[in-house]
Amino acid sequence: SSPSNYCRATAMDVFHATLQHCLATNNSHAGWVKVLADFCYAQGHHSAALKHYLAALLMSTDYFTQPPPRSLADDLMYKKMSHCCSKLQCHTQAALFCQLMEEPDYNAAFKALNERQCQDSCDSLYEHVFDITLLEFLVNLHTRRGELESRQKALQCIGLLELNASNNEEIQREAANVRRGDFLRVMA
Numbered sequence: 001s002s003p004s005n006y007c008r009a010t011a012m013d014v015f016h017a018t019l020q021h022c023l024a025t026n027n028s029h030a031g032w033v034k035v036l037a038d039f040c041y042a043q044g045h046h047s048a049a050l051k052h053y054l055a056a057l058l059m060s061t062d063y064f065t066q067p068p069p070r071s072l073a074d075d076l077m078y079k080k081m082s083h084c085c086s087k088l089q090c091h092t093q094a095a096l097f098c099q100l101m102e103e104p105d106y107n108a109a110f111k112a113l114n115e116r117q118c119q120d121s122c123d124s125l126y127e128h129v130f131d132i133t134l135l136e137f138l139v140n141l142h143t144r145r146g147e148l149e150s151r152q153k154a155l156q157c158i159g160l161l162e163l164n165a166s167n168n169e170e171i172q173r174e175a176a177n178v179r180r181g182d183f184l185r186v187m188a
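Right, dumping it as structure tokens:
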């Protein structure tokens with residue numbers, strides 16, 4: 001063991017103790033909860049990290065009824081949440097977190113949706129997709145795989161009036177906000 005390993009372990013212990021004190025002092029501060037989530041993520045504790053990211057979002061959005069502040073929820077956080085889901089083999093959930101980014105990460109979403117081993121509720125989550133590109137990919141994916149029932153569920157979602165590309169921006173934004181909130185409530 002090198003001395004730098006001891007220093008790193010000690011620094012992590014001190015940081016964790018300080019973070020626990022901050023949370024004990026002010027447990028409703030979403031920023032501290034996000035820092036705890038980042039700490040868990042850095043340690044490779046993906047389930048705990050996802051739980052704390054969701055808790056931070058919950059605190060700052062009145063149980064997901066309002067958009068989160070950009071100072072708290074940014075693309076990096078959603079990318080980490082997606083990565084946590086992938087590590088937990090919840091690939092559909094991972095793809096849905098990709099659509100929450102300012103610019104959806106289609107490469108990561110398509111990669112996640114292509115995974116065969118999936119431990120989440122897969123096509124029951126399609127009602128939370130508001131990105132037409134993801135829905136079109138799902139239709140194509142299920143067609144190629146011969147999964148007709150799943151294909152039909154994705155097609156039903158594409159056909160919903162509120163997701164129509166001809167709708168004005170306000171209607172599309174409202175549909176996205178409703179689906180985002182519903183998805184995050186399911187995750188919490």
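Residue 87 in the UniProt record's numbering is what sits at position 87 of the sequence shown, and the numbering runs on without skipping anything.
For every residue, glycine included, the Cβ atom is placed at its ideal position computed from N, Cα and C.
Looking only at its chain, what residues have a beta carbon closer than 6 Å to the beta carbon of residue i, apart from the 5 residues adjacent to it on each side?
i           : result
residue 105 : 98
residue 101 : 75 and 78
residue 91  : 112, 115 and 118
By the three-class DSSP mapping on this structure, what secondary structure does residue i have?
i           : result
residue 72  : coil
residue 187 : helix
residue 94  : helix
residue 116 : coil
residue 61  : coil
residue 124 : helix
Short of 8 Å in beta carbon distance, which residues of its chain neighbour residue i, apart from the five on each side in sequence? Order them along the chain.
i          : result
residue 34 : 52, 53, 56, 72 and 77
When you compare each of the options to residue i by their alpha carbons, which one comes out closest?
i           : options               : result
residue 37  : 81, 164 and 150       : 81
residue 89  : 141, 119, 165 and 43  : 119
residue 206 : 126, 184 and 103      : No statement about residue 206 is possible, as the shown extent of the chain runs from 1 to 188 and does not include it.
residue 150 : 160, 138, 158 and 182 : 138
residue 117 : 177, 101 and 85       : 85
residue 185 : 103, 136, 62 and 159  : 62
residue 183 : 122, 114 and 103      : 122
residue 40  : 93, 15, 164 and 176   : 15
residue 12  : 23, 165 and 42        : 42
residue 175 : 158, 146 and 187      : 158
Quick one: Cα of residue i to Cα of residue j, how far?
i           : j           : result
residue 65  : residue 7   : 43 Å
residue 124 : residue 17  : 40 Å
residue 79  : residue 112 : 12 Å
residue 241 : residue 167 : With the chain covering only 1 through 188, there is no way to say anything about residue 241.
residue 75  : residue 131 : 16 Å
residue 19  : residue 32  : 7 Å
residue 58  : residue 47  : 16 Å
residue 26  : residue 180 : 27 Å
residue 128 : residue 142 : 18 Å
residue 154 : residue 144 : 14 Å
residue 114 : residue 49  : 24 Å
residue 148 : residue 162 : 24 Å
Starting from the C-beta of residue i, find all residues in its chain whose C-beta is less than 7 Å away, skip the five residues before and the five after it, and write them out in chain order.
i           : result
residue 197 : Any answer about residue 197 is impossible in this case: the structure gives the chain only from 1 up to 188.
residue 134 : 95, 99 and 109
residue 60  : 30, 68, 69 and 72
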